[in-house]
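The sequence shown begins at 79 in this note's numbering and counts up one residue at a time. First up is the structure itself, then whatever we jot down about it.
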Amino acid sequence: MASVLASGTLRRKVGIISKAWTAFEMTLSPAGELATVGSSAYGLSVTVAPGDVSYPPAASDAPTPHVVSVGGEVLCAATAEDLQLWRDAFATLAAVDNAEEAKGPETGPPFVQGQAAGLTFARCDEGVHCWGPQEGEHFKLRQPGYAKKKQKGPSAPAFYECVAMDTIIAPTRREAATRVALPEWPVASPHPLLPKYIVMNTQVPQYSPGMRCKDDGETLHVVWYFALKPETEALFAGGASLPDNAALRCLLRFFESAQEDDDWTSRLKVIGEMDNLNLTGTLGATIKAYNGKPVLLRKGVKVTRHGEGTPELTCEFTVNVHQFNYLSRRALYSLQSRVKDMLVNFAVLIEGQEEDELPECVLGTCVLRNLNPEAATPDAS
């Protein structure tokens, strides 16, 4: 009869990858009935059923074999002594897994200034703590006649493509665009005001919010890198100085004025559409009310242009969440422990206010898959 003598053996035999065993309760039921010995976070169960001899045994010194199954597949036969070894093995595994949980998620090498953009947060089509593409049409924005009809409809495709992302944690706020090597991109800007790259650097405080806002402190940097799409370049066909596209003309005015004019800077809007949003109370109601809707950032936004007059012109949107109002900071702080269980459809755009600036169109989009702030890469510089 086979015995499981150690947690390592148990882990190999059962085929557990990591953090699988969350409970152990051994009960032996009457003959013919299955008894659960252990259960797995992935729905795998270990069961024990009486073997060929009767239970309880006729003689006190007679061995009592039990058929041990894992996920419905017979693993081995075991005696009562073997079952105690299983109990001990599960206890050992629980201790190991609790220690691993206490350590938190693993992170990669620390961020070093000058490294390639996107090394700290991978692109994926599925998985966790990664990002993927999203269509601009997914988001509903202002349409012509909005001032009277309040009508919204699907956005046209985004002007920029998300080409990389980073999640970096640092003791203070840091710039992004000048600290990474942006990816090679074949599209050239057709207009001196229109940047080839947009870097959106969202700086999220990592301390419990107080009533008074701060300007700095420990910060999670969630950074999007957007590059100009060839379809956007094509809208300037024939060398036109102004494209026949209302949202793109509005965007050019934004880039012309946003560095100096707060009225234009405050037109920057984001959309965060979260699924699995299980929140209660006043704060939960507030977050749900804004879920999936465009939100003007207004305070804490800075627009900076790098490489003016060069083909690599880059515009950085710095969003300093430290300066947001108390309710906004509290809501975002509460969401940080939950966002790792969510998919978040994200978009950034410039608000169209006048009729000749409509319909609105998203600048760039992506989907965040189970972003885990605790897995952000530390900044070594």
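Think of the CB as a built atom: it goes at the ideal place given N, C-alpha and C, for glycine as much as any other residue. Just so it is clear, the structure is predicted and the values come from calculations on it, not from any experiment.
Given that a residue counts as buried once 16 or more other Cβ atoms are within 10 Å of its Cβ, and exposed if not, what is residue i?
i           : result
residue 387 : exposed
residue 443 : buried
residue 459 : exposed
residue 319 : exposed
residue 415 : exposed
residue 277 : buried
residue 212 : buried
residue 389 : exposed
residue 462 : It is not possible to answer for residue 462, since the shown part of the chain is limited to 79 through 459.
residue 195 : buried
residue 405 : exposed
residue 381 : buried
Could you pull the start and end residues of the alpha helix (DSSP H) that residue i belongs to?
i           : result
residue 332 : 324 to 335
residue 408 : 404 to 414
residue 351 : No alpha helix (DSSP H) contains residue 351, which is instead part of the beta strand (DSSP E) from 346 to 352.
residue 394 : Looking at the DSSP string, residue 394 is not in any alpha helix (DSSP H); the run it does join, the beta strand (DSSP E), is 392 to 398.
residue 310 : 308 to 312
residue 343 : 340 to 343
In whole angstroms, what is the alpha-carbon distance linking residue i and residue j?
i           : j           : result
residue 199 : residue 301 : 9 Å
residue 285 : residue 187 : 24 Å
residue 201 : residue 242 : 7 Å
residue 209 : residue 203 : 8 Å
residue 446 : residue 245 : 11 Å
residue 331 : residue 306 : 17 Å
residue 316 : residue 323 : 14 Å
residue 362 : residue 290 : 22 Å
residue 355 : residue 338 : 38 Å
residue 251 : residue 439 : 30 Å
residue 429 : residue 346 : 6 Å
residue 257 : residue 227 : 45 Å
residue 379 : residue 432 : 22 Å
residue 449 : residue 407 : 18 Å
residue 223 : residue 435 : 11 Å
residue 193 : residue 385 : 18 Å
residue 424 : residue 217 : 9 Å
residue 344 : residue 335 : 11 Å
residue 454 : residue 298 : 8 Å
residue 296 : residue 359 : 28 Å
residue 263 : residue 274 : 9 Å
residue 115 : residue 420 : Note on residue 115: pLDDT 43, under 50, position unreliable in the model; the coordinate value appears next. The straight-line gap from Cα to Cα measures roughly 32 Å.
residue 383 : residue 329 : 14 Å
residue 229 : residue 221 : 6 Å
residue 205 : residue 353 : 16 Å
residue 191 : residue 225 : 46 Å
residue 373 : residue 270 : 29 Å
residue 340 : residue 377 : 9 Å
residue 418 : residue 327 : 37 Å
residue 413 : residue 370 : 15 Å
residue 312 : residue 351 : 30 Å
If you check the beta carbons only, do residue i and residue j fall under 8 Å apart?
i           : j           : result
residue 427 : residue 219 : yes
residue 265 : residue 308 : yes
residue 304 : residue 239 : yes
residue 409 : residue 349 : no
residue 280 : residue 397 : yes
residue 437 : residue 325 : yes
residue 310 : residue 237 : yes
residue 394 : residue 248 : no
residue 260 : residue 392 : yes
residue 189 : residue 451 : no
residue 287 : residue 411 : yes
residue 400 : residue 294 : yes
residue 215 : residue 232 : yes
residue 314 : residue 268 : yes
For the beta strand (DSSP E) holding residue i, just list the boundary residues, first then last.
i           : result
residue 446 : 440 to 447
residue 283 : 275 to 283
residue 421 : 421 to 428
residue 290 : Taken as a continuous stretch (DSSP letters only), residue 290 belongs to no beta strand (DSSP E), as it is neither H nor E.
residue 388 : That residue, residue 388, is in no beta strand (DSSP E); it is neither H nor E in DSSP.
Is residue i near the ligand ADP, with its Cβ less than 7 Å from a heavy atom?
i           : result
residue 263 : Among the ligands in the structure shown, none appear at all, so the ligand ADP cannot be discussed.
Q | Minimum length 3: unbroken beta strand (DSSP E) runs contained in the stretch 201 to 271 | A | 208 to 210, 218 to 220, 230 to 232 and 238 to 248
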